[in-house]
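When we follow this note's numbering, the leftmost residue of the sequence shown carries the number 30, and every step to the right adds one.
To start, the structure under review is shown below, and the notes come after it.
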Amino acid sequence: MIGARVDTASRNNSSSLRRALGVLDYLASDPAGADLGELSGGLGLPKPTLLRLLAPLREARLVEPHGESGRYRLGPQTARLGQLYLERMDLRAVAAGALKRLASTCGETAHLGVPDPPWVVYVDKVECAHPVRMVSRIGARQPMHSTALGKAWLAHAGEEAVARVIDAGLERRTPGTITAPSRLREELSRVRATGHAVDDVENERDIRCVAAPLFDHTRRPVAAVSVAGPDFRLTAARVPELAEA
Numbered sequence: 030m031i032g033a034r035v036d037t038a039s040r041n042n043s044s045s046l047r048r049a050l051g052v053l054d055y056l057a058s059d060p061a062g063a064d065l066g067e068l069s070g071g072l073g074l075p076k077p078t079l080l081r082l083l084a085p086l087r088e089a090r091l092v093e094p095h096g097e098s099g100r101y102r103l104g105p106q107t108a109r110l111g112q113l114y115l116e117r118m119d120l121r122a123v124a125a126g127a128l129k130r131l132a133s134t135c136g137e138t139a140h141l142g143v144p145d146p147p148w149v150v151y152v153d154k155v156e157c158a159h160p161v162r163m164v165s166r167i168g169a170r171q172p173m174h175s176t177a178l179g180k181a182w183l184a185h186a187g188e189e190a191v192a193r194v195i196d197a198g199l200e201r202r203t204p205g206t207i208t209a210p211s212r213l214r215e216e217l218s219r220v221r222a223t224g225h226a227v228d229d230v231e232n233e234r235d236i237r238c239v240a241a242p243l244f245d246h247t248r249r250p251v252a253a254v255s256v257a258g259p260d261f262r263l264t265a266a267r268v269p270e271l272a273e274a
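In structure tokens, the structure reads:
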């Protein structure tokens, strides 16, 4: 009986932790945060349960109320943890020189992205000098299927990763987004053949990107680097040149 009670408590704790992490993930999806009604609808949890989950998150400063609006957003402790994580990523240090060179050579913003299927996460960037440029934020997530960074990694990641992205849904972000699984697989084959991926105005209107994967010593894909800019400057005709940069 004692063992059964311990197992039940362990399962309950695990369930609460998963739900609390779900709250953090939901709040991370929108800088404006969310109120209890939005959290309840988005996560499928009753408001009393959410209030119980929010209490320790607020105490740990992982979540904070936003003024008198009744909305919650990520707290300062999440920024601290995120910064510590980024500072400990050797990958950023290794790729820093390449990012600077890309931005300087191509005259556009360079990004470093790491996989979190079905997303790719910006972990570093070097901005170009142009006043008109792609707007991005370190720590932001973008869909793999519609980004050059995502497709560059996904093309070498194996069938399980591809299936995970497809199962998550191929959301149409622009008129050019690939939304058919068969078309995505064809695109990934092309990426493997050419060595680079292109976001041909597929994720954001008026933005084109070119990316290449980064591999570890075992030839496992671990990240990708890209150059991105407005399509009037980063034209389709420039893609071969940028792919060689």
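Glycine included, each C-beta is placed from N, C-alpha and C at the ideal position.
Since the model is a prediction, treat every value here as computed from it, not as a measurement.
- Per DSSP, the continuous alpha helix (DSSP H) segment holding Asp196 begins and ends at Glu188 to Asp196.
- Out of Ser133, Gln112, Gln106 and Pro147, the CA that lies nearest to the CA of Asp153 is found in Gln112.
- Counted as a single uninterrupted DSSP element, the beta strand (DSSP E) harbouring Gly142 occupies residues Thr138 to Asp145.
- Taking one beta carbon from each stretch, the region 247-259 and the region 137-144 have 3 or more pairs nearer than 8 Å; the two touch.
- Distance from Gly168 to Val150 at the Cβ level is roughly 7 Å; contact confirmed, criterion being Cβ atoms closer than 8 Å.
- The continuous beta strand (DSSP E) containing Asp229 extends over residues Ala226 to Asp229.
- Across the set Arg166, Glu97, Gly104 and Leu83, the C-alpha of Gly104 shows the shortest separation from the C-alpha of Arg90.
- Thr176 counts as buried, since no fewer than 16 other beta carbons sit within 10 angstroms of its beta carbon.
- Using a Cβ distance threshold of 7 Å, Gly71 and His95 do not count as a contacting pair.
- As DSSP reads the structure, Asp64 sits in a beta bridge with Arg100.
- DSSP places Gly71 within a helical segment (H, G or I) once states are collapsed to three.
- Taking the Cα of Gln171 as reference, the smallest distance to any Cα among Val194, Glu156 and Thr134 is reached at Val194.
- Rounded to the nearest whole angstrom, the CA to CA distance from Pro144 to Pro242 is 11 Å.
- For Arg262, the closest alpha carbon among the candidates Pro204, Glu216, His246 and Asp229 is that of Asp229.
- The closest CA to that of Asp196, considering only Leu53, Ala240 and Leu213, is found on Leu213.
- Assignment of beta strand (DSSP E) within the region 225-267, counting only whole runs of 3 or more residues, yields 226-229, 236-244 and 250-259 in chain order.
- Approximately 15 Å separates the beta-carbon atoms of Leu46 and Tyr55; this is outside 8 Å, ruling out the contact.
- Apart from the 5 residues on each side of it in sequence, Gln106 sits with its Cβ closer than 7 Å to the Cβ of Ala89, Arg90 and Leu91 in its chain, given in chain order.
- DSSP places Asp153 within a strand segment (E or B) once states are collapsed to three.
- A straight line joining the alpha-carbon of Arg87 with that of Arg102 spans about 10 Å.
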